[in-house]
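Let me begin by presenting the structure, written as structure tokens, before commenting on it.
There are 2 protein chains.
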Amino acid sequence: MRVDLLSTGRELLDGRIQEANAYRAAGWLFERGFGVGHMAVVSDGLEDLVQAMRQGLASADALVCSGGLGPTEDDRTSQAAAELCSRELVTDEKLLGQLQARFAEWGLAWTDNQARQARFPSGARPIENPLGTAPGFELDISGRHLFCLPGPPAEFTAMFRGPVLERLERLRRQGGGGEFFQGRILRVFGRGEGWLQDTLAGVEEKYTGLELGFRAALPEIELVLRVQAGEPAAASRLLDQVERDIRRRLGHHVFSRGSATLPQVLLERLRAAGRTLAVAESCTGGLVGKLLTDIPGASRSFVLSAVTYSDAAKQSLLDVDGDIIAAHGAVSVQCAEAMARGVQRLSGADLAVAVTGIAGPDGCSPEKPVGLVWFAVCDARGCQTRQLRFPPRDRDFVRRLAAHAALWLVLRRLAGEDEPAA
Amino acid sequence: MRVDLLSTGRELLDGRIQEANAYRAAGWLFERGFGVGHMAVVSDGLEDLVQAMRQGLASADALVCSGGLGPTEDDRTSQAAAELCSRELVTDEKLLGQLQARFAEWGLAWTDNQARQARFPSGARPIENPLGTAPGFELDISGRHLFCLPGPPAEFTAMFRGPVLERLERLRRQGGGGEFFQGRILRVFGRGEGWLQDTLAGVEEKYTGLELGFRAALPEIELVLRVQAGEPAAASRLLDQVERDIRRRLGHHVFSRGSATLPQVLLERLRAAGRTLAVAESCTGGLVGKLLTDIPGASRSFVLSAVTYSDAAKQSLLDVDGDIIAAHGAVSVQCAEAMARGVQRLSGADLAVAVTGIAGPDGCSPEKPVGLVWFAVCDARGCQTRQLRFPPRDRDFVRRLAAHAALWLVLRRLAGEDEPAA
Chain A
15 MRVDLLSTGR ELLDGRIQEA NAYRAAGWLF ERGFGVGHMA VVSDGLEDLV
65 QAMRQGLASA DALVCSGGLG PTEDDRTSQA AAELCSRELV TDEKLLGQLQ
115 ARFAEWGLAW TDNQARQARF PSGARPIENP LGTAPGFELD ISGRHLFCLP
165 GPPAEFTAMF RGPVLERLER LRRQGGGGEF FQGRILRVFG RGEGWLQDTL
215 AGVEEKYTGL ELGFRAALPE IELVLRVQAG EPAAASRLLD QVERDIRRRL
265 GHHVFSRGSA TLPQVLLERL RAAGRTLAVA ESCTGGLVGK LLTDIPGASR
315 SFVLSAVTYS DAAKQSLLDV DGDIIAAHGA VSVQCAEAMA RGVQRLSGAD
365 LAVAVTGIAG PDGCSPEKPV GLVWFAVCDA RGCQTRQLRF PPRDRDFVRR
415 LAAHAALWLV LRRLAGEDEP AA
Chain R
15 MRVDLLSTGR ELLDGRIQEA NAYRAAGWLF ERGFGVGHMA VVSDGLEDLV
65 QAMRQGLASA DALVCSGGLG PTEDDRTSQA AAELCSRELV TDEKLLGQLQ
115 ARFAEWGLAW TDNQARQARF PSGARPIENP LGTAPGFELD ISGRHLFCLP
165 GPPAEFTAMF RGPVLERLER LRRQGGGGEF FQGRILRVFG RGEGWLQDTL
215 AGVEEKYTGL ELGFRAALPE IELVLRVQAG EPAAASRLLD QVERDIRRRL
265 GHHVFSRGSA TLPQVLLERL RAAGRTLAVA ESCTGGLVGK LLTDIPGASR
315 SFVLSAVTYS DAAKQSLLDV DGDIIAAHGA VSVQCAEAMA RGVQRLSGAD
365 LAVAVTGIAG PDGCSPEKPV GLVWFAVCDA RGCQTRQLRF PPRDRDFVRR
415 LAAHAALWLV LRRLAGEDEP AA
């Protein structure tokens, strides 16, 4: 079943905002076994909208539109849908009442143009908006299905992932597509797509109905498992079986299932183990701390990060011996270990990790190329050091890989293992 | 003159990659006075491509395509363009030679399918690719103009911003559009779009040929000035005049022209003044350090950041008096000042800035709501403190605003001023 996507709004056509609703919807559709053939962005001109809707429904079984359902004159999606199928725009009195009640509840001033949001082409079925004021709607046109959802990303997401995907699956079953699709995401770190493809060679062929996809969520990789089966329980069983097989092949490179990222998984393991962590950063410049504190409640396990970007700071703050830096440089196994020991002393944390490397484009030499990074992880058992070399694509790339590798090494240390991260 | 945009590739339709070439091209087109009416993403199926190209050229004066010019079977853009205008695909022998030479130069293995990249519809004019192997081309079809460029973003960008924009401007002049458009960007921090609109009320009307646009580059705002004039020199003069007027109205909220972001501007001013900076971070968790060290060469001015996320770390590392935290809490003017003084002592830096606040969703109270942040900036003249309240939209939003506000306050301090940041 093919589902196309249409987004509207002038701000998407002049560089102000990057289209994201259709992009994300495409990923969710892929997971559920729907194909997307065409995505378009059009302005909010009535004729452009009608034409884009007509073209979309000519090629696809369903078209999902985003935007243009608000209260202003520029919001013409309902009107375009009505013109498309030559129907009247009618006010849904029940929705109008709900809309007015919500305005009262949220303390917003009601203005007459707000009532536009309760006007739909006759015959349309409203789709509730759990987060905002503008409801969406579905309209069946000559056996094809038009869904119109509001543009604010949180609202679009809630309505698309809930009622719209459910409805699309029902339509597919009714249309004789008796198969059921289910997706699952495994999150992978420490290996590239090439290695994954080699290591997973033959898996797709081994299981009937399985399709594997990769999505870069740099520096993590999302491995998308999609299975097709006669009914939901069979799909779940097949997914479980495939997941076991894949985990056996990829080992600890699979660090979570679903949406939990590496910093989340590490903080959760630290909390479960009752351990605290301190960080000493050079080339990552604060990024390790930033990644950990992206997660609310990080302070339960994360004590501090000493961002010692200059050599002087490594000495004054972490008590790194000036002779070490003079003899081996700041990017060296000796300096990494001294930094980790220094921050462990300073913080009293159970675990400490240090990162020092060449992020580029400056500061490199033949012996120390861009992408070379030293790590040290210390705990009560002692210190473990490791050198990694990341592809010197650009500064941001090296720093992101290095910061995630630091978290990964702590995660491996917590698990009592001692494996390379890349 | 209307220019539409088309991107091709299956990875853009299944959630793997978010379309970005057309998005950015739309911004550059806006700056130069072109209108974009429609953007589309289609798969690499030949029929889909031909149809999308036909539709694009039916509505717009020019269509710029991205992707599908590589050496593999999936790369069908040249073939689609040839079918569209019923022409032959012919090998450009000169380009083929250049391609083979480039492979030799870069040490890449030549395979026969690489020759596909030198095959264009007859009559097409090649567009040189300064960064990759696949050239682009331009084709005139019944008075409309089709541009096909490779998909890798760096290659697309170089070719679009150079030869394609130049050619579009020439076509506009030839078509009787005698006017010349020129754009300029001013970067603004510390005020929202609403305030900007109020403060700039009447500016657009005052200057014939001026159009103003806003682009959120959160938490900075890009103010896009676009002028239309008879010839380039007149456009530049008008832009200079408008810029002076706008700077007078917005004062120090305009912190740079062009692409220099707040961390870049601050590091440049620190370097020029021969001053060093140290940071003490609580709620931003390392983000201030990360923003500064995004810029190569930051170590010339940035000494260290003490990311003291826990109360214990504030005491042990920055010597904040435990009584201060007990009496006023970690989010207080007293704690902010003690943190800044602590990191100044520790680092010996000329300037020190501290940030402590409630990023949410936890840790707030009626007196200390999410979004409340305290700052302190210390230098040889003493310490200056400030409380700011950011809209509590989400954790990431509050942290980004807080980190940038810290940089902004240091910038103001360096300039000897003492103004609120928001």
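The listed protein sequences derive, respectively, from chains A and R.
First residue of the first sequence: 15, per the numbering used here; consecutive thereafter.
First residue of the second sequence: 15, per the numbering used here; consecutive thereafter.
Cβ coordinates follow ideal geometry from the N, Cα and C atoms, glycine included.
From the beta-carbon of L331 of chain A, the residues of chain R found nearer than 7 Å are L318, L360.
If you look at G41 of chain A, you'll find it in the alpha helix (DSSP H) that goes 35-45. Straight across, the Cα-Cα distance linking R407 of chain R with P167 of chain A is about 14 Å.
Scanning chain R for C-beta atoms nearer than 7 Å to the C-beta of R240 of chain A yields nothing, as the closest lies near 10 Å away. In the DSSP secondary-structure assignment, C162 of chain R is bridged to R:C79, R:F151.
Beta-bridge annotation (DSSP): C392 of chain A is paired with A:A366, A:C397.
Residue pairing by DSSP places L103 of chain R opposite R:P135 in a beta bridge. Judged by their CB atoms, A96 of chain R and L63 of chain R are not nearer to each other than the 7 Å cut-off. Contact between the segment 286-303 of chain A and the segment 404-419 of chain A is present, with at least three C-beta pairs closer than 8 Å. Under the DSSP assignment, T275 of chain R falls outside any beta strand (DSSP E); it carries neither an H nor an E label. DSSP, read as helix, strand or coil, puts M53 of chain R in strand. Separation of the CB atoms of L210 of chain A and V202 of chain A is rounded to 7 Å, and the pair is thereby assigned contact status at 8 Å.
Shown in chain order are the members of the segment 216-229 of chain R whose Cβ falls below 9 Å from a Cβ of chain A: G227, F228, R229. Using a Cβ-Cβ distance cut-off of 8 Å, the segment 312-327 of chain R and the segment 315-325 of chain A are in contact, since at least three pairs of beta carbons, one from each stretch, lie closer than that value. Using a CB distance below 9 Å, the part of the segment 29-40 of chain R facing chain A consists of G29, R30, I31, Q32, E33, A34, A36, Y37, R38, A39, A40, ordered along the chain. For G288 of chain A, the nearest beta carbon of chain R is not closer than 7 Å to its own beta carbon. A contact is defined here as three or more CB-CB pairs under 8 Å, and the segment 21-35 of chain R meets this definition with respect to the segment 49-66 of chain R. Against P375 of chain A, the close residues of chain R are P310, in the order they occur along the chain (beta-carbon pairs closer than 8 Å). F203 of chain R carries a coil assignment under DSSP once its states are collapsed to helix, strand and coil. Using a 10 angstroms sphere on the CB of G82 of chain A, the tally of other CB atoms reaches 16 or more, which defines it as buried.
Between V391 of chain R and Q401 of chain R, the CB-CB gap reaches or exceeds 7 Å. Looking only at A:L306, A:Q242, A:C349, the smallest Cα-Cα distance to A327 of chain A is reached by A:C349.
At a cut-off of 7 Å between beta-carbon atoms, F48 of chain A makes no contact with chain R. The CB of S57 of chain R comes closer than 7 Å to the CB of G51 in chain A, given here in chain order. For S313 of chain R, a Cβ of chain A is located within less than 7 Å of the residue's own Cβ. Between the segment 273-283 of chain A and the segment 278-287 of chain R there are fewer than three inter-stretch CB-CB distances shorter than 8 Å, so the stretches are not counted as touching. With a beta-carbon spacing of about 27 Å, L214 of chain A and R175 of chain A fall beyond the 8 Å limit used to define contacts.
Contact between L113 of chain R and A132 of chain R holds, with the beta-carbon distance rounding to 5 Å and staying under 8 Å. When DSSP states are grouped into helix, strand and coil, Q196 of chain A belongs to the strand group. Counting only residues of its own chain and dropping the five nearest sequence neighbours on each side, G356 of chain A has a CB closer than 7 Å to the CB of A294, L332, D333, V334.
Around the Cβ of R251 of chain A, a 10 Å sphere holds fewer than 16 other Cβ atoms; the residue is exposed. Against chain R, the beta carbon of A54 of chain A has neighbours under 8 Å at H52, M53, A54, V55, listed in chain order. Only those residues of the segment 189-209 of chain R whose C-beta falls short of 9 Å from the nearest C-beta of chain A would be listed, and there are none.
Spatial neighbours of D88 of chain R in its own chain (CB-CB distance under 6 Å, excluding positions within 5 residues in sequence) are listed in chain order as D58. Residues of the segment 345-357 of chain R with a C-beta atom less than 9 Å from some C-beta of chain A do not occur. The Cβ atoms of L365 of chain A and V268 of chain A lie no closer than 7 Å to each other.
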